[in-house]
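Written below as structure tokens is the structure these notes are about.
Residue numbers (our numbering): 474 to 916.
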């Protein structure tokens, strides 16, 4: 499918395809789409002039006065198969938030990422990003079992044969919907029938990748619901099941050359690559506030699990925080593995890029790589090979973010304040509750 670039192309396609409504979508700080349906008859005005709306419906940080404008990006328009069963045909367009006078709203997470990417491009560099995101498909029995008081004693998620057949249908429909939305993927895989489903996206530009992840998650929710199933991006739904990750791989190009590659240096990576890694390490504890943004995120980032826990990097150890996949030359890539599926891709990519570029600019040298499998090493040995550990709780991540001037500057005051307020409120609500484990342990 051809990517649309002009409003006239979109209007022609809407008429040709018989589209009834276009969903104008924007992301809040949680990485959840808010949307307003626009009838096709009003589409030309909405695309050319923008769509005023009351920010109280958006869950974003409120400026003085609540009225904002939705400005759709024509390049993000796509057809949408949401399986609503009512015969309506939908399109989708991702929007940025502005004030009514057209000035950028500093609470818009997509705008923050776009402006940062523009600065990188103006300096002569281009980043491309690869990603993979995981999710669970659950039936009503599985959901009720997980929500039951004895859920913590469960070890795995169980499905009957009928549900397994439904899951296969959902996966096929997700692939169809992704194709219709012009989202290119490398694979959709599920290694076990009771395990997570993982989608591996084809690498692309930073902003397009963030957009694609957001559209993908909305497609997964809608398709699962149309089949009577529940899609979950909860990072660690049970103690003994696989957690849900969202990996990001970065390639830095300049004049058709991969700047992370150097054939004559150790591991065939450049000083820029080392600086990028060192910059992420220097800011990773604050970065976790956005790559791992929920209480539950830190049930996945624990010792002796597949997810990273120590701040380390490797070309061999698959559980390292940063991994260097084996291809070199033009394909040299730095892959960050701590993020989970609940993250906001706009803010996660912004945080990782701002930290990595600061490391390049300041020639930060990371600790030595641990180029061997560490799963048989003791915890003290792993600690000695690392630059510390990731936060143990959301509270630790929030406190680190509060002290990180680089991240707060990249995000802007509105987004930073909203993030701190939201996650602090979540933490305070959590610690004020008495949980099942405490009752089983102490009652």
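Ideal Cβ positions, reconstructed from N, Cα and C, are used throughout, including at glycine.
Next item on the list: Mind checking which residues open and close the beta strand (DSSP E) that includes residue 793?
Entry: Segment: none, residue 793 is in no beta strand (DSSP E) and carries neither H nor E.
Check: Which two residues bound the contiguous beta strand (DSSP E) that contains residue 540?
Finding: 540–545
Notebook entry, point to check: Mapping DSSP to helix, strand and coil, what is residue 616?
Noted result: helix
Notebook entry, point to check: Does the distance from the CB of residue 735 to the CB of residue 726 come in under 8 Å?
Noted result: no
Margin query: Measuring straight from C-alpha to C-alpha, what distance separates residue 685 and residue 570?
Written below: 18 Å
Notebook entry, point to check: Hey, how far is the Cα of residue 532 from the Cα of residue 505?
Noted result: Bear in mind that the predicted position of residue 532 carries a pLDDT of just 48, short of 50, making it too unreliable to give a figure here.
Item checked: Sequence-distant residues of its chain with Cβ nearer than 8 Å to residue 781 (five each side left out) -> 774, 792, 793, 794, 810, 811, 863
Check: Where does residue 910 land, buried or exposed, given buried means 16+ other C-beta within 10 angstroms?
Finding: exposed
Check: Assuming residue 893 and residue 874 make a contact with CB atoms under 8 Å, what is their CB distance in whole Å?
Finding: 7 Å
Next item on the list: Give me the Cα-Cα distance between residue 557 and residue 859, rounded to the nearest whole angstrom.
Entry: Low confidence applies to residue 557: its pLDDT is 49, below 50, so where it sits in the model is not reliable, and the reading given next is rough at best. Roughly 50 Å separates the two Cα atoms.
Note to self: Are the CB atoms of residue 610 and residue 670 within a distance shorter than 8 Å?
What the structure shows: yes
Checklist line | Residues of its chain near residue 581, where Cβ-Cβ distance is below 6 Å and the 5 sequence neighbours each way are ignored | finding: 569, 570
Next item on the list: Taking all protein chains shown into account, decide if residue 908 is buried (16 or more other Cβ within 10 angstroms of its Cβ) or exposed.
Entry: exposed
Margin query: Which complete beta strand (DSSP E) runs does the region 695–753 hold, if anything under 3 residues is left out?
Written below: 703–705, 719–727
Checklist line | residue 658, enclosing beta strand (DSSP E) - first and last residue | finding: 658–662
Note to self: Extract the residue ranges of the beta strand (DSSP E) inside the region 668–697, only unbroken runs of 3 or more that lie entirely within it.
What the structure shows: 670–678
Notebook entry, point to check: Taking all protein chains shown into account, do 16 or more other C-beta atoms lie within 10 angstroms of the C-beta of residue 738, making it buried, or fewer, making it exposed?
Noted result: exposed
Check: How many Å lie between residue 524 and residue 564 at the Cα?
Finding: 16 Å
Checklist line | Enclosing beta strand (DSSP E) for residue 527 [first to last residue] | finding: 524–527
Next item on the list: Go ahead and label residue 916 buried or exposed: buried means 16 or more other beta carbons lie within 10 angstroms of its beta carbon, across all protein chains shown.
Entry: exposed
Notebook entry, point to check: Under the three-state reduction of DSSP, which class applies to residue 531: helix, strand or coil?
Noted result: Residue placement at residue 531 is poorly supported in this model, since its pLDDT is 48, which falls under 50; the coordinates still yield a value, given next. Coil at residue 531, not helix or strand.
Notebook entry, point to check: Do residue 717 and residue 619 have their C-beta atoms within less than 8 Å of each other?
Noted result: no
Next item on the list: Please decide whether residue 699 counts as near chain D, where near means a Cβ-Cβ distance under 8 Å.
Entry: Although the question refers to chain D, the structure presented lacks it and comprises just one protein chain.
Notebook entry, point to check: To the nearest whole angstrom, what separates the beta carbons of residue 709 and residue 552, a pair I think is in contact under 8 Å?
Noted result: That belief does not hold up - the Cβ atoms of residue 709 and residue 552 are roughly 35 Å apart, past 8 Å.
Check: Thinking C-alpha only, which one of 590, 777, 876 is nearest residue 823?
Finding: 590
Next item on the list: List the DSSP bridge partners of residue 564.
Entry: 495, 552
Notebook entry, point to check: Would you call the CB atoms of residue 690 and residue 674 closer than 8 Å?
Noted result: no
Item checked: residue 570 beta carbon near the ligand SAH (any heavy atom closer than 7 Å) -> As far as ligands go, the structure on display features none, and thus does not contain the ligand SAH.
Next item on the list: Give every residue of the same chain whose Cβ lies closer than 7 Å to the Cβ of residue 491, excluding the five residues on either side of it in the sequence, and list them in chain order.
Entry: 562
Next item on the list: Could you tell me which residues DSSP puts in a beta bridge with residue 509?
Entry: 497
Item checked: Contact between the region 825–836 and the region 741–752 (3+ Cβ pairs under 8 Å) -> yes
Next item on the list: Return the CA-CA distance between residue 617 and residue 630, expressed in angstroms with no decimal places.
Entry: 11 Å
Next item on the list: With DSSP collapsed to three states, give me the class of residue 570.
Entry: strand
Next item on the list: Can you grab the Cα-Cα spacing for the pair residue 776 / residue 847, in whole Å?
Entry: 12 Å
Next item on the list: Compare the Cα-Cα distances from residue 883 to each of 789, 759, 855 and report the closest residue.
Entry: 759
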